[in-house]
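The working numbering puts the first residue of the sequence shown at 42, with every later residue one more than the last.
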Amino acid sequence: MSGGNTHPRPAVNDDTAFFWEGIAAGELRIQRCADCGVLRHPPSPGCAACGSLAWNHAVAGGRGAVFSYAIVRHPLSPPFTEPYAVVVVELDEGVRFVSRLIDAELERIEIGMTVELELVAVDDTLTLPLFRPARA
Ligand SMILES: [Zn+2]
Numbered sequence: 042m043s044g045g046n047t048h049p050r051p052a053v054n055d056d057t058a059f060f061w062e063g064i065a066a067g068e069l070r071i072q073r074c075a076d077c078g079v080l081r082h083p084p085s086p087g088c089a090a091c092g093s094l095a096w097n098h099a100v101a102g103g104r105g106a107v108f109s110y111a112i113v114r115h116p117l118s119p120p121f122t123e124p125y126a127v128v129v130v131e132l133d134e135g136v137r138f139v140s141r142l143i144d145a146e147l148e149r150i151e152i153g154m155t156v157e158l159e160l161v162a163v164d165d166t167l168t169l170p171l172f173r174p175a176r177a
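#1: Using a 10 Å radius around the Cβ and a threshold of 16 neighbouring Cβ atoms, would you call Cys74 buried or exposed?
#2: Look up Ser140 in the DSSP assignment and give the residues it is bridged to.
#3: State the Cα-Cα distance for the pair Arg114 and Glu123, rounded to the nearest angstrom.
#4: Once you ignore the five residues that flank Ala111 on each side, which residues in its own chain have a CB closer than 6 Å to its CB?
#5: In its own chain, which residues sit with a C-beta less than 6 Å from the C-beta of Ala175, not counting the 5 before and 5 after it?
#6: Taking contact to mean 3 or more Cβ pairs, one atom from each stretch, closer than 8 Å, check whether the segment 76 to 85 and the segment 133 to 141 are in contact.
#7: Got a sec? Which residues, its chain only, sit under 8 Å from Asp76 by beta carbon, not counting five neighbours each side?
#8: What three-state label does DSSP hand Arg81 in the structure shown?
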């Protein structure tokens, strides 16, 4: 993934800035309702459980399990040059998170396999929260 800043950029807004600031700080931040404590992801203005607009965040441990996945083989667009796995990870904290699974043999990916977070600098200004098969 070299060749300059060609990787797609995340959309950062008032609801998601805390998340990307967390990634820059080495943390996987998950939005948490300040009133009832329910975690939610992706970030949104209000709590689906109690309706509160007040929120803070928790820092996730970075481990979870593959809830679902898809292998993208075609069409590939730059900077992706080889098939890759898009995964829905259910974090140990209970929220689901869409990411990419790296360093995995695509044919051996399974629902339920344990994965862990890896913050990957894809270029000089973008670090992404990706997942890899968990080490023992
Ligand atoms: Zn709530």
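Where a beta carbon is used, it is the ideal one built from N, C-alpha and C, also for glycine.
Let me spell this out:
#1: buried
#2: Val128
#3: 7 Å
#4: Val127
#5: Thr155, Val156, Glu157
#6: yes
#7: Cys88, Cys91, Ser93, Ala95
#8: strand
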